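Residue numbers (our numbering), protein chains in the order written: chain A, 5 to 140; chain W, 5 to 140; chain G, 5 to 140; chain B, 5 to 140. Input: a single structure, listed below in structure tokens.
There are 4 protein chains.
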Amino acid sequence: MNNPHIFSLRVYMEDTDAGSIVYYANYLKFAERARTEALRAIGGNLPTLQDQDRFLVVRSCFLNCLASARLNDVLEIRTHFKKPGRARFEVSQVIVRENQLIATLEVVLACINSQGKPVRLDANFADKLWTHFGGI
Amino acid sequence: MNNPHIFSLRVYMEDTDAGSIVYYANYLKFAERARTEALRAIGGNLPTLQDQDRFLVVRSCFLNCLASARLNDVLEIRTHFKKPGRARFEVSQVIVRENQLIATLEVVLACINSQGKPVRLDANFADKLWTHFGGI
Amino acid sequence: MNNPHIFSLRVYMEDTDAGSIVYYANYLKFAERARTEALRAIGGNLPTLQDQDRFLVVRSCFLNCLASARLNDVLEIRTHFKKPGRARFEVSQVIVRENQLIATLEVVLACINSQGKPVRLDANFADKLWTHFGGI
Amino acid sequence: MNNPHIFSLRVYMEDTDAGSIVYYANYLKFAERARTEALRAIGGNLPTLQDQDRFLVVRSCFLNCLASARLNDVLEIRTHFKKPGRARFEVSQVIVRENQLIATLEVVLACINSQGKPVRLDANFADKLWTHFGGI
């Protein structure tokens, strides 16, 4: 990956489970926080999109867990956008703790309106995503 | 309390934290599931309320934790409505595991519209709540 | 799938997001509740496993979202176990609302000890899972 | 309050509900993140406490909701510790968005060991909390 967006977060008690590790579904939350910040970094703001009747929804998500994160860990999420389509885009995300790989995610998102119909992504927006955090 | 609404649930991994107990904020989720089922039991349906531009929001909540619930526990939530006001109502809830008291909650809810203004509760609805699960 | 385990749940406010649909990570919680109940149905109890220093962890999870679930929906989760390996097993899960497909999941779980080493599944246990909720 | 600890966070999709506001239980998560960072700021580290068989648990929590936070909001949490007792301490927390008050919390925490017995707080630690983020 060249040029990913970088986002860091700390693991709090709310993120853990009785196995003393991060509960697996929470990696999807972490990944979405990172995608949100990547969008914001290029001027993409979710409430503004909603005002335009555009919602980004997850179509599919593959989560691969390689090691366990724990309470108090600082995790870094590297987000890499693939070349967007007309109404959907694909994102590769890697979660690391220092130099250890914790998890990877492959996420497909669609842009829909409030009736659930696919809506074309703003071309300038899609282009920026790919220029800033894509580029393979 | 006479006449509370009774709701049971099981504690799953998602509800616990690295201390091997139920994460404290999750008691508020459990309590809301129970209130939702109490409303449903008298014909109150949240999406129907939303179609009438009525939303129930929590104004305040006091949570008192007396013992810890753990993975796999079955918890019973006893919900008791106090005499409703025009646009708000108060609820007392008790969470028990067999005969042990786990937590108590005192919750104040308001009925508002989508602009955030208080809206009068349907009188019949409020009356039913009190008749069925109140009555002190 | 023949012979899946069936589990039902209702969508509460806690499960939804500002798009008025179920937040995508919550399908992973729902799927785990269903797997937990499938294990319980054949006598598998997570705290008992933990007393034997055995923990079930998710190695990978593929979530495919086909339609949106909403507040108040009743969802049914059909869980189907594949032939277990020595220390891991695979699960196919389908989430439906009435006859509409909401999401599918393919989950790989491993059995590890508290040091994170793979531990052999109890053969009788693995066999029961497959006999009851597998069988292809 | 003089001298509170200050912590900021952004509201993500995971924090909201179908009413398009922050789900009420999530204010308790936000408040705990802030307390965790206040402890860290004086050298208090939850995993280190756990290695000493000390766990901080919430005994009670009063949440007062004054306005609704929404997707994308930046919230500031001001945390103020009261004079600690031997095995418990009290915290006042205020959540604001710019200059608007969103919620207040009054939280009582206890320090217990893994058997659930109250354990005395390290005197130096308790003193530091009060000196840095208390002091009324």
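Beta carbons are placed, not taken as given, at the ideal position from N, Cα and C, and that holds for glycine. Note that the structure is predicted; figures quoted are calculated from it, not measured.
Item checked: Of the listed residues B:28, B:32, B:117, B:77, nearest to residue 17 of chain A (C-alpha basis) -> B:32
Item checked: Exposure of residue 39 of chain G, with buried meaning 16 or more beta-carbon neighbours within 10 Å -> buried
Margin query: Going by DSSP in three states, residue 114 of chain G sits in which element: helix, strand or coil?
Written below: strand
Item checked: Nearest neighbour of residue 58 of chain B, chosen from B:138, B:133, B:121 [CA to CA] -> B:121
Margin query: Can you pull out the residues from the segment 42-54 of chain W whose beta carbon lies closer than 7 angstroms to at least one beta carbon of chain G?
Written below: 49, 50, 51
Check: Distance, Cα to Cα, residue 21 of chain W vs residue 19 of chain A?
Finding: 7 angstroms
Margin query: What does DSSP give as the partner residue(s) for residue 11 of chain W in the beta ladder?
Written below: Among the bridge pairs identified by DSSP, residue 11 of chain W is matched with W:81.
Next item on the list: Decide if residue 117 of chain W is buried, meaning its Cβ has at least 16 other Cβ atoms within 10 Å, or exposed.
Entry: exposed
Checklist line | residue 88 of chain G, DSSP secondary structure in three states | finding: coil
Item checked: Residue burial classification, residue 5 of chain A (beta-carbon count within 10 angstroms, cutoff 16) -> Summary for residue 5 of chain A: the model assigns pLDDT 46, below 50, so the residue's position carries little reliability; its value from the coordinates is reported in the next sentence. By the neighbour-count rule (16 or more Cβ atoms within 10 Å), residue 5 of chain A is not buried but exposed.
Check: Shortest alpha-carbon distance to residue 128 of chain W belongs to which of W:98, W:88, W:67?
Finding: W:88
Check: Less than 8 angstroms separating the beta-carbons of residue 42 of chain A and residue 9 of chain A?
Finding: yes
Note to self: Beta-carbon within less than 6 angstroms of residue 105 of chain A's beta-carbon, same chain only, minus the 5 sequence neighbours each way: which residues are those?
What the structure shows: Excluding sequence neighbours, residue 105 of chain A sits near 70.
Item checked: Own chain residues within Cβ distance below 6 angstroms of residue 11 of chain G, not counting five before or after -> The answer, listed in chain order, is 38, 41, 81.
Note to self: Among the candidates W:97, W:124, W:123, whose CA atom is the shortest distance from the CA of residue 138 of chain W?
What the structure shows: W:97
Next item on the list: Using a Cβ cut-off of 8 angstroms (strictly closer), state whether residue 61 of chain B contacts chain W.
Entry: yes
Notebook entry, point to check: Which residue or residues does DSSP assign as beta-bridge partners of residue 18 of chain G?
Noted result: DSSP lists no partner for residue 18 of chain G.
Check: Is it buried or exposed for residue 135 of chain A, if we count other Cβ within 10 angstroms and need 16 for buried?
Finding: exposed
Notebook entry, point to check: Where does residue 5 of chain G sit, in a helix, a strand or coil, going by DSSP?
Noted result: Since pLDDT at residue 5 of chain G reaches only 46, below the 50 mark, its modelled position is unreliable, and the value read off the structure follows with that caveat. Here residue 5 of chain G sits in coil by DSSP.
Margin query: Alpha carbons only, please: which of G:13, G:44, G:24, G:63 is nearest the one belonging to residue 108 of chain A?
Written below: Of the listed residues, the one whose Cα sits closest to residue 108 of chain A is G:63.
Next item on the list: Could you tell me which chain G residues have their CB closer than 8 angstroms to the CB of residue 75 of chain B, listed as they occur along the chain?
Entry: 22
Next item on the list: Please classify residue 132 of chain W: is it buried, with 16 or more other beta-carbons within 10 angstroms of its beta-carbon, or exposed?
Entry: buried
Check: Apart from the five residues just before and just after residue 72 of chain G, which ones in its own chain have a Cβ nearer than 6 angstroms to its Cβ?
Finding: Closer than 6 angstroms at Cβ, skipping near neighbours: 25.
Note to self: If you measure between the beta carbons of residue 61 of chain B and residue 23 of chain W, is that distance less than 8 angstroms?
What the structure shows: Yes.
Margin query: With a threshold of 8 angstroms between beta-carbons, can residue 40 of chain W be considered close to chain C, or not?
Written below: Note that chain C does not occur in the displayed structure, where the protein chains are A, W, G and B.
Check: Nearest chain G C-beta to residue 13 of chain A closer than 8 angstroms, yes or no?
Finding: By this cut-off, residue 13 of chain A is not an interface position.
Check: By the 10 Å Cβ neighbour count, where 16 or more other Cβ atoms means buried, how is residue 103 of chain A classified, buried or exposed?
Finding: exposed
Notebook entry, point to check: Per DSSP, which one or two residues make a beta bridge with residue 108 of chain W?
Noted result: W:68, W:98
Notebook entry, point to check: In chain W, which residues lie with their C-beta within 9 angstroms of the C-beta of residue 33 of chain B?
Noted result: Result: 27, 29.
Checklist line | 8 angstroms contact criterion, which residue 112 of chain G and residue 90 of chain G should meet: CB distance rounded | finding: About 14 angstroms; that fails the 8 angstroms criterion.
Checklist line | One or two residues paired with residue 122 of chain G in a DSSP bridge | finding: Answer is G:116.
Check: Anyone know if the C-beta pair for residue 79 of chain A and residue 13 of chain A falls short of 8 angstroms?
Finding: yes
Next item on the list: Assign residue 83 of chain A to one of two classes, buried (16 or more other C-beta atoms within 10 Å of its C-beta) or exposed (fewer than that).
Entry: buried
Check: Going by alpha carbons, who is nearest to residue 86 of chain G out of G:15, G:100, G:110?
Finding: G:110
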